[in-house]
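Heads up: the protein sequence lines correspond to chains A and B, in order.
Under the numbering used here, the first residue of the first sequence is numbered 1, with each subsequent residue one higher.
Under the numbering used here, the first residue of the second sequence is numbered 436, with each subsequent residue one higher.
Note that beta-carbon positions come from the ideal geometry of N, C-alpha and C, so glycine has one too.
Scroll down for the structure; my scribbles are underneath it.
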Amino acid sequence: MFGRRRPAIIAALAAAWTVGTHAADPAPDASFDVGSFEKKPFEIGGYVETEWRHFEFNRDGALFGLNRYPDLSTGGNDQLQGTLHLDGALRSGIATLRASGELTGTWDDIGDDSHDATLFEGLLALQPSPGLTAEIGKKALKWGKGYAWNPVGFVERSKDPDDPTEAREGFAMLTGDFITSFQGPVRTVAFTPVVVPVEGAINDDFGAKEGFNYAAKLYLLAWDTDVDFMVLTGASKTDRFGADFSRNVTSNFEIHGEWAYITDSQRTIVDPNGGPNRKITEDARNWLIGLRYLTEKDLTVIAEYYHQGSGFTEAESSAFYDLAHEAVDTGSASLLSRAIATRDAGYGRPTPGQDYLYLRVSQKDPFDLLYWTPAATTIINANDGSFSFTPEIQYTGIEDLELRFRLGYLHGGRGEEFGEKQNDLKAEVLARFHF
Amino acid sequence: MFTRLAITLLLAAGLVTPAAALEPQDLLAKVDRNLNPESFESLRKLVNIEPDGTRKEFVLFTAKKDSDKVVGLFLSPASDKGRSTLRVGDNMWLYMPDVGKPIRITSLQSVTGGVFNNSDILQIDYTAEYLAEGLEEQGNTYLLKLKARTDSVAYDRLAMTVDKETLLPMTIEAHAASGMLIKTLRFKDVKDFGNGILRPSVIETDSPLYKGYTSLMIFGKIAPREFSDEVFTLNFLPRIEELR
């Protein structure tokens, strides 16, 4: 009899205890409608974003001349970009169909206006148990522990260290997860096999040759440290092996690192003696070491050192910049052709050199200004001393709205990486509304 | 008078456990179990309130297993939906769908801003993080003095005031190793969640480091539930929604 009445008695006594002990000190509005957060089989969300960018051209820079030739008189550019980003999921039993993509339109002061549609991910996942998952479709795998660079990201598109958290497009693949947990110092072991086909239009930018590529990652949580071992082999890329780790040293201090060994890594270099462009093939070691530190005043410091053995040496970089300057100065079609070919083969990508230092400092809620986060980021080419410096401020105080203002200043002399870029100053204003 | 009667009836119904002749660590273990079952799921709202009354709210689905494994999934607002967090002992990670991989976070950071830090949001059993070093009787309450087991724990020391008859916490003062008061947590509005779970439904906190700011943690649902160990792993983190 008491058992049947027990819920009502409990509720009455709970109310009595509450009234008796806390009546004088009520909490602020603590209402919570749990029913409105029931799980739905179909969900869709995303954001709309508009971003204005202004670029001041670096008219002494090799990449300015090469990218803009023969129009070398323009001093700057303005762009306005609008983006609609959508994420959706449809769930039924053990199956989930998931997709994300975006539509962008760009209005450019001096170039052509453009619009684009990109599918970042679109896949079917089957999960018969929490420890076993199989996925087929387009997926953006992200491997590695680095914030600005991921030398062990063997099956993903390169990250832009200037905007490392931006969404990136995946590759079509078959993948899965096998997870096992234990008691003791090794708490988790997870194995992730990956098959990436390159055939016709499928993954045609993954690697040079058509065929199947096989990758795998073994993850361990051991002695409170994340450790991964990864490998890639197959038709389209040379074999590569890697490992990474991450660990919290104290309640406000994290360290991480990555190491990758790439067999027969190729780079196309400019011959400093004026000969034809050459391909260098050699094994390369790329590695990164970093930390994240949080002070009592909510100042976060992220620091990373990156060695890119597959990158260009200082002499190789200088040869390219000399060629680009000579090509633009003389207008020689053959020199321009050589310079553009090597730019597209690697010199034109972000951070193409061998040694870099990344430092980001951000302060949450400075001077009691809640939801304001000022930050400053610098990327230093440790070989030539040139650098980029990016101060920014972000505001997230309005529900579902992000506002960000960034400036980017690049500093370096002739023959130095950041002194030879297309721009030497840029400003960005971004507004993103989530729904 | 009425409160005393209610407590007596609660004790008679076996819903709370008395503390007769308890060792400090045993009392702490009883506080843990009176707050929630060892394995459960919950739905919580986190509210950050600014000095001018402006509120920012987050809704979080949470699963916990054993004494030290917790995973959380943000259901609201839209800007945070799909973010998930994992804690295994002193290890914590945050997964953001845009970033696409888990990153390690530390206990003193806060994934929501406001006064609650990651350690508060991903709270594990107090016994897993703290050693009870002292117990004082103070009228109708006990004062439990707790010391962090490792340097990775967010607060070096806690002073926990526990209601003597219900063995539920009433306030917790959290101190840094320097002795500085970092924040005060106040447990309010005891509510019956069913399945014998009777506990404060609101935790309110403020901090001398954030003068004028208050954060609330409002429990809407707590229910016992068993989970596979594999749920509390990095590889499962992007798929926490499948648990709901």
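Apart from the five residues just before and just after residue i, which ones in its own chain have a Cβ nearer than 8 Å to its Cβ?
i                         : result
asparagine 670 of chain B : none
lysine 626 of chain B     : Leu633, Arg634, Pro635, Ser636, Phe654
threonine 263 of chain A  : Thr238, Asp239, Arg240, Asp283
serine 511 of chain B     : Glu492, Phe493, Val494
glycine 385 of chain A    : Gly412, Glu416
aspartate 60 of chain A   : Arg414, Gly419
alanine 222 of chain A    : Pro185, Val186, Arg187
threonine 342 of chain A  : Thr268, Ile269, Val270, Asn277, Phe320, Leu323
leucine 462 of chain B    : Ala454, Ala567, Leu570, Tyr577, Leu579, Val597, Leu602
Determine, using beta carbons only, whether residue i comes closer than 9 Å to chain A.
i                            : result
phenylalanine 475 of chain B : no
phenylalanine 671 of chain B : yes
asparagine 469 of chain B    : no
isoleucine 653 of chain B    : yes
isoleucine 538 of chain B    : yes
arginine 674 of chain B      : yes
threonine 668 of chain B     : yes
alanine 513 of chain B       : yes
glycine 507 of chain B       : no
glutamate 665 of chain B     : yes
methionine 595 of chain B    : no
threonine 640 of chain B     : no
Near residue i, which residues of its chain fall below 6 Å by C-beta distance, leaving aside the five closest residues on each side in sequence?
i                         : result
leucine 72 of chain A     : none
lysine 364 of chain A     : Asp298, Thr373
valine 301 of chain A     : Tyr293, Val361
isoleucine 638 of chain B : Leu620, Phe622, Met652
aspartate 78 of chain A   : His54, Asp109
arginine 432 of chain A   : Tyr47, Glu49, Glu402
serine 158 of chain A     : none
tyrosine 261 of chain A   : Phe241, Arg285
glycine 309 of chain A    : Ala284, Arg285, Asn286
alanine 117 of chain A    : Leu103
Hey, is residue i's beta-carbon within less than 9 Å of any beta-carbon in chain B?
i                         : result
proline 26 of chain A     : The predicted model places proline 26 of chain A with a pLDDT of 49, which falls under 50 and marks its position as unreliable; any figure quoted below should be read in that light. Closer than 9 Å: yes.
leucine 497 of chain A    : Since the first residue of chain A shown is 1 and the last is 435, residue 497 of chain A is not available in this structure.
serine 31 of chain A      : yes
isoleucine 179 of chain A : yes
asparagine 203 of chain A : no
glutamate 314 of chain A  : no
histidine 22 of chain A   : Because the pLDDT at histidine 22 of chain A is just 41, under 50, the model does not fix this residue reliably, and the value given afterwards should be weighed accordingly. Yes, because at least one Cβ of chain B sits closer than 9 Å to the Cβ of histidine 22 of chain A.
alanine 324 of chain A    : no
leucine 141 of chain A    : yes
histidine 411 of chain A  : no
tyrosine 175 of chain A   : Before going on, a small fix: residue 175 of chain A reads as threonine here, not tyrosine. So, not an interface residue.
proline 130 of chain A    : yes
Which residues does DSSP pair with residue i in a beta bridge?
i                           : result
proline 193 of chain A      : A:Ala216
arginine 539 of chain B     : B:Trp528
aspartate 641 of chain B    : B:Thr619, B:Thr649
arginine 285 of chain A     : A:Tyr261
phenylalanine 42 of chain A : A:Leu90
glycine 82 of chain A       : A:Thr50, A:Gly105
isoleucine 675 of chain B   : Isoleucine 675 of chain B is not bridged to any residue.
asparagine 423 of chain A   : A:Phe57
glutamine 394 of chain A    : A:Thr373, A:Arg404
lysine 656 of chain B       : B:Leu478
aspartate 355 of chain A    : A:His307
glutamate 254 of chain A    : A:Asn248, A:Arg292
Between residue i and the rest of its own chain, which residues show a CB-CB distance below 7 Å, the 5 nearest in sequence each way excluded?
i                        : result
leucine 616 of chain B   : Glu608, His610, Pro643
glutamine 544 of chain B : Asn552, Asn553
leucine 174 of chain A   : Ile136, Val195
threonine 21 of chain A  : Per-residue confidence for threonine 21 of chain A stands at a pLDDT of 42, beneath the threshold of 50, marking its modelled position as unreliable; the derived number appears in the next sentence. Within the same chain, threonine 21 of chain A has no close Cβ partners at all.
Give a single yes or no on whether residue i has its beta carbon closer than 8 Å to a heavy atom of the ligand ADP.
i                      : result
alanine 201 of chain A : You won't find the ligand ADP in this model; it holds no ligand whatsoever.
Shorter than 9 Å from the beta carbon of residue i to some beta carbon of chain D?
i                       : result
glutamine 81 of chain A : Checking the listed chains, one finds no chain D in this structure; the protein chains it contains are A and B.
Discussion item. Output needed in chain order: residues of the segment 361-374 of chain A with a Cβ under 8 Å from some Cβ in chain B.
Written reply: Lys364, Asp365, Asp368, Leu370, Tyr371
Worksheet item: Along the chain, which unbroken stretches of the beta strand (DSSP E) at least 3 residues long are found entirely within the segment 550-591 of chain B?
Response: 565-573, 576-583
Worksheet entry | Every unbroken alpha helix (DSSP H) inside the segment 472-532 of chain B [4 residues or more] | none
Item to complete: Give, in chain order, every residue of the segment 604-622 of chain B whose Cβ lies closer than 7 Å to some Cβ of chain A.
Response: none
Discussion item. Can you pull out the residues from the segment 210-225 of chain A whose beta carbon lies closer than 8 Å to at least one beta carbon of chain B?
Written reply: Those would be Tyr219, Leu221, Asp224, in chain order.
Practice prompt. Check distances from the C-beta atoms of the segment 556-584 of chain B to those of chain A and list, in chain order, the residues that come in under 7 Å.
Written response: Cβ contacts with chain A: none found.
Fill in: Runs of beta strand (DSSP E) lying entirely within the segment 86-174 of chain A, each at least 3 residues, in chain order
95-108, 114-129, 132-139
Discussion item. So within the segment 296-340 of chain A, which uninterrupted alpha helix (DSSP H) runs reach at least 4 residues, ignoring any that extend past its ends?
Written reply: 314-330
Item to complete: Please name the residues in the segment 379-408 of chain A whose beta-carbon is closer than 7 Å to at least one beta-carbon of chain B, in chain order.
Response: Glu399, Asp400, Glu402
Discussion item. Residues of the segment 277-310 of chain A in Cβ contact with chain B at a cutoff of 7 Å, in chain order, please.
Written reply: Leu294
Item to complete: For the segment 183-194 of chain A, enumerate the residues whose C-beta is nearer than 8 Å to any C-beta of chain B, in chain order.
Response: Arg187, Thr188, Ala190, Thr192
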